[in-house]
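From first to last, the protein sequence lines are chains A and B. When you line the first sequence up against this note's numbering, it's residues 1 to 461, in that order. When you line the second sequence up against this note's numbering, it's residues 462 to 922, in that order.
There are 2 protein chains.
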Amino acid sequence: MLTYNFERNSGVPLYEQLYGAVKSDILNGIIKSDEKLPSKRELAAHLGISKVTVEAAYAALIDEGYVYSIEKKGYFCEKNLALPGKKSTPVSAASFSADEFKVDLSSNAVPKNQFPFSIWSRLTREVMLNYSRELLDPIPYKGMYAFREALCSYLLSSRGMRVSPENIIIGAGSEYLYTQIIRLLGTDKVYGIENPSYHKISEVYSMNNADIRYFDITDHSETVSEIERSDIDIIHISPSHNFPTGRVMGAKIRHDLLSLIGDRRNGYIIEDDFDSELRFEGRPIPPMQTIDNSGRVIYINTFSKTISPSMRIGYMILPPDLAAKYSRELSFNSCTVPSFEQYTLAEFISRGYYERHINRTKKYYRILRAELLEEFARSPLPKRSEISESQAGLHFTLLLDTEMPDAKLKEMLAAEGIKASFMSDYVYGSDSHGHELLVNYSGLDREKFRLALDTVCKLLG
Amino acid sequence: MLTYNFERNSGVPLYEQLYGAVKSDILNGIIKSDEKLPSKRELAAHLGISKVTVEAAYAALIDEGYVYSIEKKGYFCEKNLALPGKKSTPVSAASFSADEFKVDLSSNAVPKNQFPFSIWSRLTREVMLNYSRELLDPIPYKGMYAFREALCSYLLSSRGMRVSPENIIIGAGSEYLYTQIIRLLGTDKVYGIENPSYHKISEVYSMNNADIRYFDITDHSETVSEIERSDIDIIHISPSHNFPTGRVMGAKIRHDLLSLIGDRRNGYIIEDDFDSELRFEGRPIPPMQTIDNSGRVIYINTFSKTISPSMRIGYMILPPDLAAKYSRELSFNSCTVPSFEQYTLAEFISRGYYERHINRTKKYYRILRAELLEEFARSPLPKRSEISESQAGLHFTLLLDTEMPDAKLKEMLAAEGIKASFMSDYVYGSDSHGHELLVNYSGLDREKFRLALDTVCKLLG
Chain A
1 MLTYNFERNS GVPLYEQLYG AVKSDILNGI IKSDEKLPSK RELAAHLGIS
51 KVTVEAAYAA LIDEGYVYSI EKKGYFCEKN LALPGKKSTP VSAASFSADE
101 FKVDLSSNAV PKNQFPFSIW SRLTREVMLN YSRELLDPIP YKGMYAFREA
151 LCSYLLSSRG MRVSPENIII GAGSEYLYTQ IIRLLGTDKV YGIENPSYHK
201 ISEVYSMNNA DIRYFDITDH SETVSEIERS DIDIIHISPS HNFPTGRVMG
251 AKIRHDLLSL IGDRRNGYII EDDFDSELRF EGRPIPPMQT IDNSGRVIYI
301 NTFSKTISPS MRIGYMILPP DLAAKYSREL SFNSCTVPSF EQYTLAEFIS
351 RGYYERHINR TKKYYRILRA ELLEEFARSP LPKRSEISES QAGLHFTLLL
401 DTEMPDAKLK EMLAAEGIKA SFMSDYVYGS DSHGHELLVN YSGLDREKFR
451 LALDTVCKLL G
Chain B
462 MLTYNFERNS GVPLYEQLYG AVKSDILNGI IKSDEKLPSK RELAAHLGIS
512 KVTVEAAYAA LIDEGYVYSI EKKGYFCEKN LALPGKKSTP VSAASFSADE
562 FKVDLSSNAV PKNQFPFSIW SRLTREVMLN YSRELLDPIP YKGMYAFREA
612 LCSYLLSSRG MRVSPENIII GAGSEYLYTQ IIRLLGTDKV YGIENPSYHK
662 ISEVYSMNNA DIRYFDITDH SETVSEIERS DIDIIHISPS HNFPTGRVMG
712 AKIRHDLLSL IGDRRNGYII EDDFDSELRF EGRPIPPMQT IDNSGRVIYI
762 NTFSKTISPS MRIGYMILPP DLAAKYSREL SFNSCTVPSF EQYTLAEFIS
812 RGYYERHINR TKKYYRILRA ELLEEFARSP LPKRSEISES QAGLHFTLLL
862 DTEMPDAKLK EMLAAEGIKA SFMSDYVYGS DSHGHELLVN YSGLDREKFR
912 LALDTVCKLL G
């Protein structure tokens, strides 16, 4: 049976040591695909540790996709996880999951060791002491007023946005809020989505039976005339930083779009500002929400990039008439975010911790970006590629000089333990973009990036 | 300006004292409808307290509907809140909000002082220490495995349900989960909803453009033949305790429905088990999920009744083929519940605190129910009404012997400071029920209930 030694006084919890040991055996091919693991009770007895510890380790291994369970049968090692060179059976590129890759260029992770857990922990205790009655009450449908008020102060001081708490709706992440917007505006309208753009946007619109058109954003001046010729009522855009092109809409195009959409009877702009706080160079352009005088901009943002994707708190700012319509038609929808999280985040924001955390995170990313750009400059890749849109947000793109199809290159990279995505993965319809490799760098470090660059060079030949 | 004295060492936070003082002035008509309140800065300076304290008090007053704010203008007293007898202007019945009523017979509140905040607080600290890395990762779309596993153990030991974590989907409350079910099963199916039933059920189905039929549940044997004659594919029922009738479906009707629906090509039963843990008398009937051998029951439950409506954690158990369909079609939907809450609740459940909390809560409700039934027996009301379905869940009904229309009685009760709802509020189409007053007793006490009974008697004449 599996036998490991634990360091009792290492500060690392036992379950985590066990988790790490089993994971390492899986990655090294010692535990094989579909091999049955010992039962929790057996392993606990064998190793002289508690069953709870084994349970916690197995749960973490299952959560991360190393192990699967079959009811009444037990626990088994997932297929094909052994790392290249260490495995006994051939591995298919698709069988890697995020954690098994040596380098993941496509991850939306946030950096570990940056979030101030001790402060958050203190705030949660205070919230439980001060709001013990309120925590047992139903939540107002727009979200807690105290949280919406804290957001308003923050948005004013950090982004120059003048917002009333009455016009803010809190919801469990952007996908939930997209759905509420479609419910509010109706499926009888035509929605325009940027091409290329993040998968989930069009997936959520399709799931809600919305009528979708895609408009190209390769050339912004073309974009305006394309929308002008179309029957689009509502456009969903990320003017401060499109994913995946990284394009930023200048002031002129913003004004043009606002006036074009403002002239349409059912016209609205959904401004999806997903990573706007994390901008590192260039003059920040104010959100379109701030130049909207006719009540046509719906602003959306979340805390997924700045705090954690596991936090599930998003907010949207509605123009006053839509806020009133929301109250009339959708107020029976309970707010989807726990009041505990809302109170804690309100304190985190209003006592200035959020701004400090963002500044620390920006500093971390600024250094990381500089290091990665240095690695890029040092590598042979500048001869074979062009880096672009590196001034904003958490990703950039590398236009590769190659004839190889993206799918082929992706497969070869995966076989080398590198997970990658390409511009072409996000393009709807025919693709006029070149071979652009996307680099989401939030989860990278210098060494991993160097390894990725070396591998790309090697494969380009 | 408003002047109050505070008790510095009372243990009641200052902001709460200020909140209570202003609220009392509003209810007593001292602060009048639409009267402007002092600015936060002014009031803080005037009372010699910090601006943060005033802010917190104003935020709470706004949250609860006593005060409204107008951007750049300030804070104002809401209209018509002064209690009857104390107000200077006539009050309309509809202008009361939950907190201003002397007695609220329709509230879904949970009892204060029952939830073990100190334990919860300790668990949150442990979760932050032990899962600091995991808390920064995205959440698996079904929810955290550790939480789903804890749920499975709990459901097995407490309700005899054999469930695999693979078949559980975690979501932010039942309305979100209803929506996911409709997305999963499709809007081309016909959904049958109990008549009468809780508003939100049909509101969510309508919002999602589902095709709805209502079926009567006054007489269960009629119910089966009514569904048999209909074109209903999927029924949404609360067999363990319908709201508002309180009816419990017996074993025979459950089997009949299961076999009837099982014979339909697209047939599914959505078993909405919203307050099943809180049953006080009679033999508990196992959930339909446990007698379903053909994979036709979708089971839904939440923690809104047992912990708090502000927690926003629900779960559904899908039959294996629907769980697979969910993975194929809807896995791009991020889980809507923060992982922090999921980890904490997992610990709360698996260490036995949840079961202990439920037992404590049941004991609390059992005593409360006995007290209320005693009050009812002592009052003159048994001569004028019949109490029914008092053996299960958190509400019962009083069939009143009166000719007065429910709407009229409701208005008269409201004018006396008593918020009430009637069976007729939940009936779709023509109403064959008598004048049934609903009593959601979770937020009541003996004195409030006595006051309500006295008032009802007085109004019945």
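Ideal Cβ positions, reconstructed from N, Cα and C, are used throughout, including at glycine.
- Chain-ordered, the chain A residues with CB closer than 8 Å to the CB of R773 of chain B read I139, A172, S334, C335, T336, V337 and P338.
- A contact between stretches requires three or more CB pairs, one per stretch, nearer than 8 Å, and the region 672-686 of chain B fails this requirement with the region 908-921 of chain B.
- Residue burial is scored here from C-beta neighbours: D734 of chain B has at least 16 other C-beta atoms within 10 angstroms and is therefore classed as buried.
- CA-to-CA, the gap between A838 of chain B and G65 of chain A works out to about 59 Å.
- Residue range S635 to L646 is occupied by the alpha helix (DSSP H) that includes I642 of chain B.
- When the five nearest sequence neighbours on each side are left out, the beta carbons in the same chain lying within less than 6 Å of the beta carbon of F243 of chain A are those of Y198, in order along the chain.
- Taking a 10 Å sphere around the C-beta of R817 of chain B, we find fewer than 16 other C-beta atoms and assign the residue as exposed.
- Taking I678 of chain B as the centre and dropping the five residues before and after it, the same chain places the C-beta of E655, N656, T684, N703, T706 and R708 closer than 7 Å to its C-beta, in chain order.
- In this chain, the beta strand (DSSP E) harbouring D677 of chain B covers D672 to D677.
- Among the bridge pairs identified by DSSP, D104 of chain A is matched with A:K419.
- Under the Cβ criterion of 8 Å, V571 of chain B is counted among the residues facing chain A.
- Under the Cβ distance rule, P705 of chain B does not count among the residues neighbouring chain A, no pair being separated by less than 8 Å.
- M316 of chain A: not part of any alpha helix (DSSP H); member of the beta strand (DSSP E) spanning G314 to I317, first to last residue.
- Counting along the chain, N359 of chain A sits inside the alpha helix (DSSP H) bounded by residues Y353 to R378.
- Contact between R757 of chain B and G711 of chain B does not hold, since their C-beta atoms are separated by about 19 Å, which reaches or exceeds 8 Å.
- Identification of chain A residues near L542 of chain B by a Cβ-Cβ cut-off of 9 Å yields none; the smallest Cβ-Cβ distance measures about 17 Å.
- For a Cβ distance threshold of 8 Å, nothing in chain A lies close to T751 of chain B: the least Cβ distance comes to about 15 Å.
- When A:L135, A:T290, A:F6 and A:L136 are compared, the shortest CA-CA separation from S158 of chain A is found for A:T290.
- Nearest CB-CB separation between F578 of chain B and chain A: below the 8 Å threshold.
- Per DSSP, the unbroken alpha helix (DSSP H) holding E689 of chain B starts and ends at H681 to R690.
- Interface criterion met: the Cβ of A146 of chain A is under 8 Å from a Cβ in chain B.
- L372 of chain A and F280 of chain A have their C-alpha atoms some 14 Å from each other.
- Here K766 of chain B is near L855 of chain B, since their CB atoms are less than 8 Å apart.
- Beta-bridge partners of S385 of chain A (DSSP): A:L400.
- Neighbourhood of P13 of chain A in chain B, by CB distance below 7 Å: N591, in chain order.
- Counting the other Cβ atoms within 10 Å of the Cβ of A831 of chain B gives fewer than 16, which makes it exposed.
- The continuous beta strand (DSSP E) containing D733 of chain B extends over residues Y729 to D733.
- The beta carbon of T124 of chain A sits closer than 8 Å to some beta carbon of chain B.
- A residue is called buried when at least 16 other Cβ atoms come within 10 angstroms of its Cβ; I307 of chain A meets this threshold and is buried.
- S33 of chain A is a Cβ neighbour of N80 of chain A, given a cutoff of 8 Å.
- Put simply, the CB of A59 of chain A is near chain B, with a gap under 8 Å to one of its CB atoms.
- In this chain, the alpha helix (DSSP H) harbouring H255 of chain A covers A251 to G262.
- In summary, the residues of the region 642-658 of chain B whose CB is separated from some CB of chain A by less than 7 Å are R644, in the order they occur in the chain.
- Taken in chain order, the members of the region 661-673 of chain B whose beta-carbon sits within less than 7 Å of a beta-carbon on chain A are K661, E664 and M668.
- For a cut-off of 8 Å, the C-beta gap from A520 of chain B to Y145 of chain A is around 5 Å, short enough to register as a contact.
- Going by DSSP, F801 of chain B is part of the alpha helix (DSSP H) stretching over S800 to S811.
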